[in-house]
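Chemist: Got a structure for you, questions after.
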Amino acid sequence: MQGVPPEDEIQVEGLEAEIDRPNLPGRVVARHSAEELYDSLASDLLVHSANCVREFGDFHLALSGGRTPFPLYERLMYDPRFRALPWRRTHLWMVDERAVAFEDPLSNFGRIKEVIVDHSDIPPEQVHPMLASLPDAGARYERELREALGWRPKGHDRLDFVLLGMGPDGHTASIFPGSPALHEKDRLSMDVPPPTTVAPAVPRCTLTLRMINASRFIAPLVMGAGKRAMLSRVEAGASPDEVPIAGLKPVAGELRWYLDAAACL
Ligand code: 6PG
Numbered sequence: 559m560q561g562v563p564p565e566d567e568i569q570v571e572g573l574e575a576e577i578d579r580p581n582l583p584g585r586v587v588a589r590h591s592a593e594e595l596y597d598s599l600a601s602d603l604l605v606h607s608a609n610c611v612r613e614f615g616d617f618h619l620a621l622s623g624g625r626t627p628f629p630l631y632e633r634l635m636y637d638p639r640f641r642a643l644p645w646r647r648t649h650l651w652m653v654d655e656r657a658v659a660f661e662d663p664l665s666n667f668g669r670i671k672e673v674i675v676d677h678s679d680i681p682p683e684q685v686h687p688m689l690a691s692l693p694d695a696g697a698r699y700e701r702e703l704r705e706a707l708g709w710r711p712k713g714h715d716r717l718d719f720v721l722l723g724m725g726p727d728g729h730t731a732s733i734f735p736g737s738p739a740l741h742e743k744d745r746l747s748m749d750v751p752p753p754t755t756v757a758p759a760v761p762r763c764t765l766t767l768r769m770i771n772a773s774r775f776i777a778p779l780v781m782g783a784g785k786r787a788m789l790s791r792v793e794a795g796a797s798p799d800e801v802p803i804a805g806l807k808p809v810a811g812e813l814r815w816y817l818d819a820a821a822c823l
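Take 559 as the starting number for the sequence shown in the numbering used here and just add one per residue.
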């Protein structure tokens, strides 16, 4: 039996094998386990936030809802390695929101508040929920963005870090196939009708692709085999009208995908 590695060692070798990562625009970080992937993303977020605070005195972070990022958000709060995140200097923005009360489990902000806002020392005036139930939510949010970012030197008046997810129909934020938020040239955020491709079918408010693409760092976090097919369409050069996340093209920032092995092709 000498020379034959025990079975658990064989599995470990398998786990360490190179992941066949898809050839997506920007950089691709691929990790075998969810924990490793959250760690990589959280470490990049930490470095990036520290650089922004050093350069500008503050850090503008936009977070998504959906299911995928919540274990990451929890990790940011309980893992001592990420305790240095500069919450006191952070402005917390929403990537998108559903037109429901914050107490509703479908509310992105409601859940982010429970996990992050309520357990950090972020000043309340730096927390920016989207009031998606109001008829002019997009216009209100745009005013708030312009006002808060207007203090920055010209050219730096943009979001610093935008964490995105991807739906099974290729949507990102609440930018669904065929959405006007894909082509909007001026608006930073807008109201959109209920999606027809995924649940829940409630109206939403979303950052536009223009606003997301202007950001300093764009981080789509995509996990699970159910997302593979859409990633291969992005890799094949799908049109953003059909696969909205294919419209991610930073103007002067970085696009870095975070994928687990199951999502890789
Ligand atoms: C939302 C999101 C949305 C989400 C994707 C992925 O409010 O629905 O912001 O863009 O990120 O739908 O959702 P999952 O992480 O649940 O797959």
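Where is the CB? At the ideal position from N, CA and C, for every residue including glycine. No experiment lies behind these values; they were computed from the predicted model shown.
1) Hey, is residue 768's beta-carbon within less than 8 Å of any beta-carbon in chain B?
2) What does a CB cutoff of less than 7 Å around residue 749 pick up in its chain, not counting 5 residues either side in sequence?
3) Which of the three DSSP states, helix, strand or coil, is assigned to residue 614?
4) I need the DSSP call for residue 689, collapsed to helix, strand or coil.
5) Would you tell me roughly how many angstroms separate the C-alpha atoms of residue 505 and residue 615, rounded to the nearest one?
6) Express the C-alpha separation of residue 800 and residue 735 in angstroms, rounding to a whole number.
7) When the distance is taken between beta carbons, is residue 653 closer than 8 Å to residue 720?
8) Should residue 654 be listed as close to ligand 1, given that the test is whether its C-beta is under 7 Å from any heavy atom?
9) In whole angstroms, what separates the C-alpha of residue 569 from that of residue 769?
10) Decide yes or no for the touch test of the region 770-790 against the region 804-811: beta carbon pairs closer than 8 Å, at least 3 of them.
11) Under the assumption that residue 778 contacts residue 728 (Cβ atoms under 8 Å), give the Cβ distance between them as a whole number of angstroms.
12) Any heavy atom of ligand 1 within a distance shorter than 7 Å of the CB on residue 723?
13) Helix, strand or coil for residue 676? Go by DSSP, reduced to three states.
14) I want to check one thing, is the minimum distance from the CB of residue 696 to the heavy atoms of ligand 1 below 7 Å?
Modeler: Here's the rundown:
1) In the structure shown, chain B cannot be found, because there is only a single protein chain.
2) Hits under 7 Å: 695, 696, 761, 763.
3) Of the three classes helix, strand and coil, the one that applies to residue 614 here is helix, per DSSP.
4) coil
5) In this structure the chain extends from 559 to 823, so residue 505 is not present and cannot be described.
6) 5 Å
7) yes
8) yes
9) Residue placement at residue 569 cannot be trusted, given a pLDDT of 39 that sits under 50; what the coordinates show is reported in the next sentence. Approximately 44 Å, taken between the alpha carbons.
10) yes
11) Actually they do not touch by this definition, with Cβ atoms about 11 Å apart.
12) yes
13) Residue 676: helix per DSSP, three-state reduction.
14) The answer is no for residue 696.
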